[in-house]
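There are 2 protein chains.
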Amino acid sequence: MKQDSRLARMIHVLIHMALLGGRETSETIAKMLNTNPVVVRRTMGALKRKGVVGSEGGRGGGWALLRPLDQLTVFDVQRALDEGQVLTAGVSEDHPTCPVERAANAALVGAFEQAERTLLKEFAELRLSTIAERAMKDVPGSPGGAAQRDHQA
Amino acid sequence: MKQDSRLARMIHVLIHMALLGGRETSETIAKMLNTNPVVVRRTMGALKRKGVVGSEGGRGGGWALLRPLDQLTVFDVQRALDEGQVLTAGVSEDHPTCPVERAANAALVGAFEQAERTLLKEFAELRLSTIAERAMKDVPGSPGGAAQRDHQA
DNA sequence: CCTTATCGTAACAATTAATGTTACGCGATG
DNA sequence: CATCGCGTAACATTAATTGTTACGATAAGG
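Top to bottom, those sequences are chains E and V. The letter at position 75 of the first sequence is residue 76 when you use my numbering, and the numbering goes up by one with no holes. The letter at position 152 of the second sequence is residue 153 when you use my numbering, and the numbering goes up by one with no holes.
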């Protein structure tokens, strides 16, 4: 399957929205994400339901952040997009009554739950304002300079 | 996308192989996994390359465990199946030069790497013999009894 | 030898999850 | 009342995993 990139995209967009400061239409945001306005509405709709952003229709409408970046963590965005598990163990369902299969699945599920706790803790500590600051440090340098610092090699 | 269940399946099979003690053909194993012999060969092939199992062709051939279960961890099996990352952050690649996108991606990648370290540590501590013992405790009770202990609700 | 059992592998189909696209309804603003 | 923009349903596209078919190589058995 294809990878779910909604979280990365939403973090990206929310930071841009904060930097721009105003109200953005789905079409503007779609261009930021190199995609289609409908995809934007779908995903932003989830954030709206959780009070992260607001929307207005009609002329002059669009989407607006409802909280400053330093009061928004990656955890908040993640939970707004999906309340279920982030990490799910790929279990087998070939013989659901086989005790060995069940024990194997249970062991994997347990390990993934542990890893998910770590992940969510990391998410909860990551403020969007922090990410925005890191992005800023990337701008001043010329292309090819300090810009690649974080995820090049 | 569909979830990768090879790890769960291989753990399941390896434990059965140890319990049976002999040499199993791809067809026998395929029945355990409710699938096709070719799928088994593909996946077991990876374990063979890492010395977890051995195979022999021709009459009387099949697959055999090369190590006892207490010298095999989930980590070993995982690495045999795939040397890459287990957990991968779903990053966005809409504007690869945008500093904001890059910072967002980098933050997520970092969090997932942390979670992966937790996961691999759990895997390394999980011996297949331990899982086998847990499965054994599941057998004696009648269906509906202690059997559901671990992953029912 | 020649038949049979088995692994090894390539090529292709089926299934499933995420994303992209088109179409249309509804409300707000000028 | 025309236009802009969200909301949503329905369908198409893309990508990853798994399933399937087909065929080659190798190792006994007779």
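Glycine is no exception: its CB is placed at the ideal position from the N, C-alpha and C atoms.
Interface annotation, residue 3(V): in contact with chain E, CB-CB separation under 9 Å. Around the beta-carbon of residue 137(E), fewer than 16 other beta-carbon atoms lie within 10 Å, marking it exposed. Taking the C-beta atoms as reference points, residue 92(V) is found nearer than 9 Å to residue 9(E). Interface flag for residue 10(V) against chain E is set, since a Cβ pair is found closer than 9 Å. Counting only residues of its own chain and dropping the five nearest sequence neighbours on each side, residue 25(E) has a CB closer than 7 Å to the CB of 18, 63 and 64. At least 9 Å separates the CB of residue 56(V) from every CB of chain E. Around residue 35(V), the beta-carbon contacts reaching into chain E at under 8 Å are 95 and 96. Here the alpha carbon of residue 118(V) sits roughly 25 Å from the alpha carbon of residue 103(E). The beta carbon of residue 73(V) lies closer than 6 Å to those of 129 in the same chain, with the five residues before and after it left out. For residue 61(V), there is no enclosing alpha helix (DSSP H), since its DSSP letter is neither H nor E. In the DSSP assignment, residue 131(E) forms no beta bridge with any residue.
Within the segment 29-55 of chain E, complete alpha helix (DSSP H) segments of at least 4 residues are found at 38-50, given in chain order.
By the CB criterion at 9 Å, residue 12(V) and residue 78(V) fall inside the cutoff. Around the beta-carbon of residue 7(V), 16 or more other beta-carbon atoms lie within 10 Å, marking it buried. The Cβ atoms of residue 53(E) and residue 70(E) do not sit closer than 9 Å to each other. Going by DSSP, residue 89(V) is part of no alpha helix (DSSP H) at all; its letter is neither H nor E. When the beta-carbon positions are compared, residue 127(V) and residue 112(E) come within less than 9 Å of each other. For residue 86(E), the closest Cβ of chain V is not nearer than 9 Å. Taking 9 Å as the cut-off, the beta carbon of residue 47(E) is found no closer than this to the beta carbon of residue 5(E). Bounds of the alpha helix (DSSP H) holding residue 18(V) are 7-21. In this model, residue 20(V) and residue 59(V) are separated by some 24 Å (Cα to Cα). Residues of chain V whose Cβ lies closer than 9 Å to the Cβ of residue 100(E) are, in chain order, 135, 136, 137, 138, 139, 140 and 148. The three-state secondary structure of residue 25(V), taken from DSSP, is strand. Look at residue 74(E) here: in three-state DSSP terms it is strand. Only 20, 33, 34, 35 and 36 from the segment 20-50 of chain V bring a Cβ to less than 9 Å from some Cβ of chain E. Within its own chain, the residues whose Cβ lies closer than 7 Å to the Cβ of residue 109(E), once the five positions on either side in sequence are excluded, are 90 and 92, listed in chain order. In this structure, residue 75(E) keeps its C-beta atom at 9 Å or more from the C-beta atom of residue 116(E).
If you check each beta-carbon in the segment 103-114 of chain E against every beta-carbon of chain V, the ones closer than 9 Å belong to 103, 104, 105, 106, 107, 108, 109, 110, 111, 112 and 113. Taking residue 27(E) as the centre and dropping the five residues before and after it, the same chain places the C-beta of 38, 41 and 42 closer than 6 Å to its C-beta, in chain order. Using a Cβ-Cβ cut-off of 8 Å, residue 116(V) is close to 88, 116, 117, 119, 120 and 123 of chain E, given in chain order. C-alpha of residue 131(V) to C-alpha of residue 23(V): approximately 20 Å in a straight line.
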